[in-house]
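Residue numbers (the numbering used here): 90 to 248.
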């Protein structure tokens with residue numbers, strides 16, 4: 090799978106999880122745990138595999154994306170340290186969603202089209218495979234260290 094396809098699928102999965110968590114229906118804590126693990130694994134795979142390849146193509150966007158990842162990790166810590174029953178939980182989760190959706194829109198409108206234009210298909214495929222392998226390893230690690238009850242489920246398109 091191309092890196093660009095993988096990222097778009099992971100973005101859609103994040104959107105789905107945000108919608109579910111913010112709906113307040115079901116086990117909000119479990120969904121929030123799944124969401125935050127998904128986001129952290131996604132960001133790390135981007136930073137370790139994709140961003141080094143893109144520095145020559147779009148250094149300013151990569152630098153900006155890394156800064157956004159730093160802010161996102163801070164916001165994730167705020168969300169996970171707040172119980173769903175806490176009155177500030179929804180506001181914190183909404184702030185995280187808004188930050189992530191801004192990042193997603195920028196990636197999909199600017200960065201992913203540049204990847205498609207600048208990288209040949211073989212490189213895009215290789216990066217996608219490497220990112221998926223790292224993402225899967227990070228999710229598997231979170232299952233081992235935090236228990237299977239709160240682990241995200243991976244799908245071929247959403248990774």
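Cβ atoms here follow ideal geometry from the backbone N, Cα and C, with glycine treated the same way.
Put residue i into one of helix, strand or coil per three-state DSSP.
{"i": "residue 176", "result": "coil"}
{"i": "residue 209", "result": "coil"}
{"i": "residue 238", "result": "Because the pLDDT of residue 238 is 43, which lies under 50, any placement of that residue in the model is unreliable, and the question is left without a value."}
{"i": "residue 226", "result": "helix"}
{"i": "residue 114", "result": "coil"}
Excluding the 5 residues flanking residue i on each side, which residues of the same chain have their C-beta closer than 8 Å to its C-beta?
{"i": "residue 210", "result": "91"}
{"i": "residue 168", "result": "121, 125, 178, 181, 182, 185"}
Going by Cα to Cα distance, which pick from the options is closest to residue i?
{"i": "residue 213", "options": "104, 139, 98, 105", "result": "139"}
{"i": "residue 184", "options": "201, 230, 111", "result": "111"}
{"i": "residue 204", "options": "178, 144, 106, 109", "result": "144"}
{"i": "residue 132", "options": "146, 208, 192, 218", "result": "192"}
{"i": "residue 156", "options": "120, 218, 118, 189", "result": "189"}
Could you compute how far the alpha carbon of residue i sits from the alpha carbon of residue j?
{"i": "residue 233", "j": "residue 186", "result": "27 Å"}
{"i": "residue 165", "j": "residue 230", "result": "18 Å"}
{"i": "residue 194", "j": "residue 174", "result": "30 Å"}
{"i": "residue 207", "j": "residue 146", "result": "7 Å"}
{"i": "residue 109", "j": "residue 221", "result": "24 Å"}
{"i": "residue 240", "j": "residue 227", "result": "Low per-residue confidence applies at residue 240: pLDDT is 40, beneath 50, and the placement is therefore not dependable, though the value from the model is reported in the following sentence. Straight-line Cα distance between these residues: approximately 11 Å."}
Can residue i and residue j be called in contact, C-beta distance under 8 Å?
{"i": "residue 107", "j": "residue 124", "result": "yes"}
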